[in-house]
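Shown next, in structure tokens, is the structure this report addresses.
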Ligand SMILES: [Zn+2]
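Numbering (our numbering), first residue to last: 185 to 320.
This is the structure we're talking about:
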């Protein structure tokens, strides 16, 4: 099935789609400047300025999961929360997929900046669910 691509991220809440068709998602965002960011218990890492993709999944309520990622107002819980909240980051594109998050993650070309980022409970040996696509 074709992925659902959303570019009007600011109006995400008003976009209608069948949640049960999708299992996984990718968030595309730019980190405007290189930064040292503490990622919860994982530690502190230097993130180069660039375009990143984060791959995640939600078996149900995928829409509210993504809305949470987009929202600036939340308690920091997942690794990605720290990067999105502290990095001055704006998500510019969201894609939803029917395949599993690890399949999707493995298909994404990019450089791993932080091993184990978003993949601590990953069963497919992904090194990281965050990849740097290109430097800016
Ligand atoms: Zn994985």
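Beta carbons: idealized from backbone N, C-alpha and C, even for Gly.
Remember, it's a predicted structure, so these values are computed and weren't measured experimentally.
Separation of residue 227 and residue 270 (C-alpha to C-alpha, rounded to the nearest whole angstrom) is 14 Å. Nearest C-alpha to residue 208 among 281, 298 and 194: 281.
Inter-segment contact for the stretch 242 to 260 and the stretch 290 to 297 is absent: fewer than three beta-carbon pairs are separated by less than 8 Å. Of the residues assessed, residue 304 falls on the exposed side of the cut-off, its CB having fewer than 16 other CB atoms within 10 angstroms.
Screening all residues for a C-beta within a distance smaller than 7 Å of any heavy atom in ligand 1 leaves 285, 286, 289, 303, 306, 308, 310 and 313, in chain order. When the beta-carbon positions are compared, residue 288 and residue 235 stay at least 7 Å from each other. Distance between residue 214 and residue 320, taken at the CA atoms: about 8 Å. Between residue 245 and residue 230, the gap from beta carbon to beta carbon reaches 7 Å or more. Under the rule that a run must span 4 or more residues, the alpha helix (DSSP H) segments found entirely inside the stretch 228 to 312 read 246 to 254, 263 to 270 and 285 to 291.
As computed with DSSP, residue 222 is found in a beta bridge with 228. Nearest to residue 218 by C-alpha distance, out of 210, 188, 273 and 190, is 273. Distance between residue 308 and residue 195, taken at the CA atoms: about 33 Å. If you draw a straight line from the Cα of residue 278 to the Cα of residue 205, it comes to about 15 Å.
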